[in-house]
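Novice: Below is one structure. I have some questions about it.
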Amino acid sequence: MTPATAVAAPKIRSIHDVPANRRRGGDIRTILSPATVGSKAGFMGTLTLAPGEIVTEHWHPYSEEFLFCVRGEVTIQLDGEEYLLPAESGVHLPVGTRHRLVNHGAEEAFFVFCSGPLAPRPDLGHVDTEQLSAAQAAAPHPHVGNA
Numbered sequence: 001m002t003p004a005t006a007v008a009a010p011k012i013r014s015i016h017d018v019p020a021n022r023r024r025g026g027d028i029r030t031i032l033s034p035a036t037v038g039s040k041a042g043f044m045g046t047l048t049l050a051p052g053e054i055v056t057e058h059w060h061p062y063s064e065e066f067l068f069c070v071r072g073e074v075t076i077q078l079d080g081e082e083y084l085l086p087a088e089s090g091v092h093l094p095v096g097t098r099h100r101l102v103n104h105g106a107e108e109a110f111f112v113f114c115s116g117p118l119a120p121r122p123d124l125g126h127v128d129t130e131q132l133s134a135a136q137a138a139a140p141h142p143h144v145g146n147a
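Residue 12 in the working numbering is what sits at position 12 of the sequence shown, and the numbering runs on without skipping anything.
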């Protein structure tokens, strides 16, 4: 890169700047993305799962995902196999890996995730293989950010 090349200014965003996405369960906040900061290669966000909450099974046809458990503990199902993902642990999900999370514990679980590369269009980024039940969708959610 030469000094004459224009460089985009860094952009800082907060968990409080973006709305919760609860379509697959939990409180998912995509904080750094093409829509929020103009990223071109991937996106990053957080996931909060209250005790008893799940993230429904899905997979990514274009992106690998990196998921780091900051606090709490969940059961993660990867292509049908169950694993324990405790606090301060991470997991790499290769492209096409079906995954589902369940918080069986008494403590809220909090994660940071990033995925890349981007799908050609946002609507192609996820393939859902499970839907939230009516009871799961109606369950009360913890307050995170300004949601």
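Using N, Cα and C, we set each Cβ at its ideal position, and we do this for glycine too.
Only a predicted model underlies this, so the values are computations on that prediction, with no experimental measurement involved.
1. Measuring CB atoms only, is the stretch 100-107 touching the stretch 69-82, in the sense that at least three cross pairs come out at less than 8 Å?
2. What does the alpha-carbon distance come out to for the pair alanine 135 and arginine 22?
3. Going by DSSP, name the residue or residues bridged to threonine 75.
4. Should serine 14 be labelled buried (16 or more other beta-carbon atoms within 10 Å of its own) or exposed?
5. Between the alpha carbons of leucine 156 and valine 91, how many angstroms are there, rounded?
6. Measure from the alpha carbon of proline 10 to the alpha carbon of each residue in Ser89, Ser33, Ala138, Thr56, then state which is nearest.
7. Evaluate leucine 85 with the Cβ neighbour count: other Cβ atoms within 10 Å of its Cβ, from every protein chain shown; 16 or more gives buried, anything less gives exposed.
8. Would you say glutamate 108 and proline 51 are within 8 Å of each other, going by their C-beta atoms?
9. Strictly by DSSP, which residues pair up with aspartate 27?
10. Going by the beta-carbon positions, is the gap between leucine 132 and threonine 56 smaller than 8 Å?
11. Would you grab the beta carbon distance between threonine 97 and leucine 78 for me? Rounded to a whole angstrom, and I think it's under 8 Å.
12. Quick check: what's the CA-CA separation for glycine 125 versus glutamate 64?
Specialist: According to the data block:
1. Yes, the stretch 100-107 touches the stretch 69-82.
2. One C-alpha to the other measures close to 13 Å.
3. Leu84, Val102, per the DSSP bridge assignment.
4. Result: exposed.
5. Limits of the chain in this structure are 1 at one end and 147 at the other, which puts residue 156 out of reach.
6. Nearest of Ser89, Ser33, Ala138, Thr56 to proline 10, Cα basis: Ser33.
7. Burial is judged here by how many other beta carbons sit within 10 angstroms of a residue's own beta carbon; leucine 85 has at least 16 and is buried.
8. Yes; because the gap between Cβ atoms is below 8 Å, this pair is in contact.
9. As DSSP reads the structure, aspartate 27 sits in a beta bridge with Thr48.
10. Yes, these two residues count as a Cβ contact at 8 Å.
11. Contact flag correct, Cβ pair sits at about 6 Å.
12. Between glycine 125 and glutamate 64, the alpha-carbon positions lie close to 11 Å from each other.
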